[in-house]
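Here the protein sequences come in this chain order: A and B.
Under the UniProt record's numbering, the first residue of the first sequence carries the number 1, and numbering increases by one thereafter.
Under the UniProt record's numbering, the first residue of the second sequence carries the number 1, and numbering increases by one thereafter.
Accompanying notes for the structure given below.
Number of protein chains: 2
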Amino acid sequence: MQAFENRTEPALPLRATNLEAGWQRQGKLWSNLKELCALLRIPAVSGMADEDLLFQHVQFKTGQRIHTIGQPFDTLYIVHSGFLKTVLIDEYGNEQVLSFPMKGDLFGVDGIHTRRYASEAVALSNCDLILLPFKKFIALGRTHIELEQAMYSVMSRELVREQSMVSMLGALSAEARVARFLVSLSERFAEMGYSSRLFNLRMTRHEIGSYLGLTLETVSRTLSAFNEIGYITVDQKSIGIRDVEALRTLRRLPPSTTRGRQTSRKARPAAEDVIEAGAEPATWDQLMSA
Amino acid sequence: MQAFENRTEPALPLRATNLEAGWQRQGKLWSNLKELCALLRIPAVSGMADEDLLFQHVQFKTGQRIHTIGQPFDTLYIVHSGFLKTVLIDEYGNEQVLSFPMKGDLFGVDGIHTRRYASEAVALSNCDLILLPFKKFIALGRTHIELEQAMYSVMSRELVREQSMVSMLGALSAEARVARFLVSLSERFAEMGYSSRLFNLRMTRHEIGSYLGLTLETVSRTLSAFNEIGYITVDQKSIGIRDVEALRTLRRLPPSTTRGRQTSRKARPAAEDVIEAGAEPATWDQLMSA
DNA sequence: CGAACTGTTGATAACTATCAAGTGGCGTGG
DNA sequence: CCACGCCACTTGATAGTTATCAACAGTTCG
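Below, the structure written as structure tokens:
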């Protein structure tokens with residue numbers, strides 16, 4: 001069984017004529033501000049000279065690197081189509097996947113502070129990216145004030161995403177992480193107009209594991225388990241979602257129960273205990289026998 | 001043994017006269033743009049009307065909440081003195097510590113996107129915070145263009161911090177996390193002009209554990225172990241750093257070895273294997289017998 | 001001075017990594 | 001066109017790290 005949803009290319013015309021050969025010339029090569037805002041899911045900039053400001057597109061093929069760690073920063077990227085990964089590389093050469101940017105996502109932001117990219121971005125499929133030269137962007141801020149706000153908003157969104165990532169890595173079990181990963185992918189695909197129930201993973205088990213702080217074996221086993229209990233169907237990279245709610249609510253008793261003395265340290269009636277919440281399938285056995 | 005370094009208050013005058021009672025009236029109540037930039041460790045804004053623009057300070061006492069999750073967002077905060085924590089609270093009421101803001105740190109940024117704070121901020125000591133009303137800040141961007149860049153820079157820095165946090169949670173062992181935590185605290189204190197070799201933790205083991213994705217017991221045990229092998233001295237909240245290098249280089253074989261097929265997927269001579277790096281003390285036993 | 005919180009330490013269990021072997025897919029080259 | 005080799009994935013056995021449960025000591029503060 002194969003899922004033919006969301007191919008790399010715009011794909012709606014069913015990947016017919018645009019093949020590898022002519023790729024470099026395919027697609028739209030320029031976008032204006034309005035399209036850019038729509039893509040980023042932020043209120044359109046009201047400015048007048050919309051049609052004048054054009055932003056160049058660039059295409060990358062599967063496996064190509066968009067930028068590396070330490071490379072001088074000068075431009076931000078917005079994904080128009082395709083799938084990528086951003087990674088950190090530690091002193092031993094090990095990758096740590098940080099995100100999987102896709103349509104509408106912004107990346108490269110981590111280079112602003114030090115003026116050098118802090119991460120590496122690699123195309124997981126053929127990609128069409130919009131270049132947003134930082135200087136140009138800054139200059140634009142002078143005339144289009146809303147654009148400035150928009151950028152704050154996008155960066156803030158990114159920050160919140162990282163926060164929830166930290167929270168997930170810090171508090172959730174392996175099953176819960178994989179479940180949430182699938183759900184968020186599903187939602188992401190829905191937003192992009194693809195099927196949320198049947199899609200292809202663009203990354204390897206290894207990359208997923210790195211992203212979720214797990215080994216590839218654990219990811220594989222968890223997917224198999226979800227498959228067996230009917231939450232999903234798995235066939236290599238093809239994933240079918242069969243019970244979103246189950247995946248969405250799958251959790252585990254958090255390892256750190258920080259509750260108590262939450263507001264002011266001083267006094268408080270007394271025994272205000274942990275909520276100990278209604279249990280969810282916590283162990284493999286429970287999962288398997290569900 | 002008690003470390004008297006870095007008390008909550010400006011502290012250099014050895015916490016003499018300014019006691020709890022008069023706190024609300026103590027300290028400086030307003031700061032100008034220049035001071036603000038210095039505090040944030042970003043190039044000073046060159047604007048002219050420096051002295052005109054004043055930003056109000058506000059004081060919070062230990063345990064007080066600065067903002068809660070869901071509360072309408074309207075201002076950013078910069079720490080002038082004191083220590084705080086920011087936390088996420090999940091559906092069961094469990095806290096997840098996200099950061100420990102201290103002097104020079106900005107927080108509240110996560111509220112920009114949704115217009116509501118995404119996290120909760122609590123004072124871990126008496127604090128002096130500078131208010132930065134978002135509207136006012138945006139307005140300022142029109143006249144002080146550099147301020148805009150500065151904010152991008154600070155947000156970018158924050159994003160990079162979160163990234164390294166994710167990387168740490170995803171790839172490092174418990175010992176390594178605690179070691180890095182201590183080192184970064186030490187460095188942070190040094191930046192603030194305090195001793196980097198002897199300091200007091202402002203947070204509980206529980207909060208540290210939540211921050212690092214560990215239980216309080218594991219944190220406690222790890223500190224005890226570091227103490228025994230002479231890397232640090234521990235006495236309750238008082239920490240003495242005795243071998244920064246050991247702490248800094250303490251790592252472990254990363255669980256996910258994503259290396260291989262890094263650049264282009266296609267072809268490549270061949271067997272280009274993992275670097276498998278020179279081993280470091282990996283287990284508790286090794287740690288203990290070092 | 002006691003209650004409540006914080007921190008320490010031990011015993012045990014659970015989760016997940018590690019090691020290992022085998023299958024299947026896919027691209028490259030014979 | 002098929003075979004080979006590499007890579008991704010699956011699955012099993014085992015070990016190790018860290019969570020959990022529990023008891024206790026030290027601290028703080030009213």
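For each residue, glycine too, the CB sits at the ideal point set by N, CA and C.
Query                                                                                                                                                                                            : Result
Just mark A/Arg142 as buried or exposed, buried being the case when its beta carbon has 16 or more other beta carbons within 10 Å.                                                               : exposed
Compare the beta carbon distance of A/Phe199 and A/Ser224 with 9 angstroms and say whether it is the shorter of the two.                                                                         : no
DSSP on B/Arg65, reduced to helix/strand/coil?                                                                                                                                                   : strand
Should the region 76-90 of chain B be called in touch with the region 104-115 of chain B, which here means at least 3 C-beta pairs below 8 angstroms?                                            : yes
So with CB distances below 7 angstroms, who are the chain A contacts of B/Arg142?                                                                                                                : Ile145
Using the beta-carbon of each residue, which ones in chain A are nearer than 7 angstroms to B/Gln96?                                                                                             : Ser167, Gly170 and Ala171
Taking only the alpha-carbon atoms, compute the straight-line gap between A/Arg248 and A/Ala179 and give it to the nearest angstrom.                                                             : 7 angstroms
Is the region 195-213 of chain B close to the region 122-133 of chain A, with three or more CB pairs under 8 angstroms?                                                                          : no
Looking at the C-beta of A/Gly111, does it have a partner C-beta in chain B at a distance below 9 angstroms?                                                                                     : yes
Tell me which residues share the same chain as B/Val140 and place their Cβ nearer than 6 angstroms to its Cβ, disregarding the 5 neighbours each side in the sequence.                           : Residue identity differs from the one stated: residue 140 of chain B is Leu in this sequence, not Val. Hits under 6 angstroms: Leu147.
If I measure Cβ to Cβ from B/Ala118 and keep anything under 6 angstroms in the same chain, skipping five residues before and after, which residues do I get?                                     : Asp110
At a Cβ threshold of 9 angstroms, is B/Leu159 touching chain A?                                                                                                                                  : yes
Enumerate in chain order the residues of its own chain whose CB-to-CB distance from B/Ile241 is below 6 angstroms, with the five nearest sequence positions on each side excluded.               : Ser186, Arg197 and Ile232
State buried or exposed for A/Ala38, treating a residue as buried only when at least 16 other CB atoms are found within 10 Å of its CB.                                                          : exposed
Could you say which of A/Asp235, A/Met102, A/Ile69 and A/Pro101 lies nearest to A/Asp90 if we only look at CA atoms?                                                                             : A/Ile69
What residues in its chain sit with their C-beta under 6 angstroms from that of B/Gly260, if we drop five residues either side in the sequence?                                                  : Low per-residue confidence applies at B/Gly260: pLDDT is 39, beneath 50, and the placement is therefore not dependable, though the value from the model is reported in the following sentence. If we look at B/Gly260 and ignore the five residues flanking it on each side, it has no Cβ neighbours.
Please list the terminal residues of the continuous beta strand (DSSP E) segment that includes A/Leu98.                                                                                          : Glu95 to Ser99
Check whether the Cβ of A/Ile66 lies closer than 9 angstroms to any Cβ atom in chain B.                                                                                                          : no
With three or more C-beta pairs closer than 8 angstroms as the rule, is the region 112-127 of chain B touching the region 151-164 of chain A?                                                    : yes
At a CB-CB cut-off below 8 angstroms, which residues of chain B make contact with A/Leu88?                                                                                                       : Gln163, Ser164 and Ser167
Just the chain A side, please: which residues come within less than 8 angstroms of B/Gln149 by C-beta, in chain order?                                                                           : Ile138
By DSSP, does A/His57 sit in helix, in strand, or in coil?                                                                                                                                       : strand
Is it true that the CB of A/Ile229 sits closer than 9 angstroms to the CB of A/Ala150?                                                                                                           : no
Give the interface partners of B/Ser153 over in chain A, defined as CB-CB distance under 7 angstroms, in chain order.                                                                            : Ile112 and His113
Determine, for A/Ala118, whether the minimum Cβ-Cβ distance to residues of chain B falls below 9 angstroms.                                                                                      : yes
I want to know whether the region 72-82 of chain B touches the region 91-104 of chain B - three or more CB-CB distances under 8 angstroms.                                                       : yes
B/Val122 by DSSP, collapsed to three states: which one?                                                                                                                                          : strand
Between which two residues does the alpha helix (DSSP H) harbouring A/Tyr194 extend?                                                                                                             : Note, A/Tyr194: premise wrong, no alpha helix (DSSP H); not H, not E.
Give every residue of the same chain whose Cβ lies closer than 6 angstroms to the Cβ of B/His57, excluding the five residues on either side of it in the sequence, and list them in chain order. : Leu29, Asp128 and Ile130
Could you please tell me which residues of the UniProt domain "HTH crp-type" (172-245) of chain A, in chain order, have their CB closer than 7 angstroms to any CB of chain B?                   : His206, Glu207, Gly209, Ser210, Gly213 and Thr215
Buried or exposed for A/Ala171, going by 16 or more other Cβ atoms inside 10 Å?                                                                                                                  : buried
Rounded to the nearest angstrom, what separates A/Pro254 and A/Ala176 at their Cα positions?                                                                                                     : Low per-residue confidence applies at A/Pro254: pLDDT is 45, beneath 50, and the placement is therefore not dependable, though the value from the model is reported in the following sentence. The alpha-carbon atoms of A/Pro254 and A/Ala176 are separated by roughly 11 angstroms.
Nearest-angstrom Cα distance between A/Gly193 and B/His113?                                                                                                                                      : 23 angstroms
Would you mind stating whether A/Val183 and B/Leu169 have Cβ atoms separated by less than 9 angstroms?                                                                                           : no
So what does B/Val109 bridge to, in DSSP terms?                                                                                                                                                  : Per DSSP, none; premise fails for B/Val109.
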